[in-house]
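The opening residue of the sequence shown carries number 25 in our numbering; numbering runs sequentially from there.
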Amino acid sequence: MPAIIDGKATAARCNEETARDIAALQTQGITPGLAVVLLGEHPASQAYVRSKDKTCRELGMHSRKLELPASTTQEDLLRLIAELNADPSIHGILVQSPCPPHIDESSVVRAIDPRKDVDGFHPLNVAALAMEDPSALVPCTPLGCLELLRAHGIATAGARAVVVGRSLIVGKPMALLLVAKGTDATVTIAHSRTSDLAAVTREADIVISAIGRPKFLRAEHIREGAVVIDVGINRIDDPADARGYRLVGDVDFEAVAPKCRAITPVPGGVGPMTIAMLMRNTVRACRVLRGEK
Ligand code: GUN
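Structure, rendered in structure tokens:
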């Protein structure tokens, strides 16, 4: 039987630690603050943003949830970011992706003060991660995946890791974290144009999948005894569910789990860890902005 990696429980432990850090800051009169900006009414994004806002409040953090119409102009969004950059009660700023098509996300990310860029998407943070500079703010989902491996005693040094997906949000930073000194995995990045993907992923001791395609990785992609971290959160139609849909990962869990040493479920795997790491990044950003460390 594989070990099911419980992201909810691991995230709860991380959040307890973060709540203690927040309480300690509050004794000094400081409350970390996070601003989450959402443009439009993308249902999954609305759910993520609600969850981020709720967790902030539960941990004692200041939260500003800014839900703006999809028609918001680039100029207005940049003006809002400038205000948040200058707001001393805000230490973390996140613009939920994807934005509507008329928004140039790359220039929006560049407009965020890199010290408040708790997503770790600003070029200065991307470079800092690549340079293994410990001051980097690192993207939350890959940080959460690494934390899951650590919390479950899965050794990475010398392990062969295959990251499936090359996005700026997950795939690329995940590969950089895994290959960094101290983590020491041997890393391959596979993607939609990789030929014979199954032959590549079957080589892996650790497979991290972030491709956003439901049940894409099947038993033939995974070797016996591998560890599988499934980042995908895909909605598929399910008339039997009251919502009319259910969430599935990138991995066909039923087919793959019996072969694994350990695997994350969807939901309840990586998802809660992403939010826990966002909370941790915001506290870190707050301390750095206050000149603490
Ligand atoms: N959309 C999906 N994941 C993320 C994330 O980690 N940050 C932001 N800003 N948008 C996302």
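Beta carbons are placed, not taken as given, at the ideal position from N, Cα and C, and that holds for glycine.
- Under the rule that a run must span 3 or more residues, the beta strand (DSSP E) segments found entirely inside the segment 58 to 123 read 86 to 92 and 116 to 119.
- Taking His146 as the centre and dropping the five residues before and after it, the same chain places the C-beta of Val133, Arg134, Ile136 and Pro138 closer than 7 Å to its C-beta, in chain order.
- With fewer than 16 other Cβ atoms inside 10 Å of its own Cβ, Gly182 counts as exposed.
- DSSP places Ile299 in the uninterrupted alpha helix (DSSP H) bounded by Val294 to Leu313.
- In summary, Gln52 is exposed, with fewer than 16 beta-carbon neighbours lying within 10 Å of its beta-carbon over all protein chains present.
- The residues Arg88, Leu108, Ile114 and Ile117, in chain order, have a CB closer than 6 Å to that of Ala59 in the same chain once the five nearest residues on each side in sequence are set aside.
- Look at the beta carbons and you see the segment 28 to 40 not touching the segment 60 to 73: under three pairs across the two are nearer than 8 Å.
- Under the DSSP definition of a beta bridge, Ser233 partners with Val188 and Asp254.
- Not one heavy atom of ligand 1 lies closer than 6 Å to the C-beta of Ser113.
- Counting the other Cβ atoms within 10 Å of the Cβ of Pro166 gives 16 or more, which makes it buried.
- Classified as buried, Gly256 has 16 or more neighbouring CB atoms from the shown chains inside 10 Å of its CB.
- Shown here, Ile136 sits in coil according to DSSP, grouped into three states, outside any helix or strand.
- Note that the C-beta distance between Gly249 and Arg308 is not below 7 Å.
- Listed in chain order, the non-local C-beta contacts of His245 below 8 Å within the same chain comprise Leu221, Ala222, Thr225, Arg226, Val231 and Val280, local neighbours out to five positions each way being set aside.
- In this structure, the C-beta of Cys310 stays at least 6 Å away from each heavy atom of ligand 1.
- Ile213: member of the beta strand (DSSP E) spanning Thr210 to Ala214, first to last residue.
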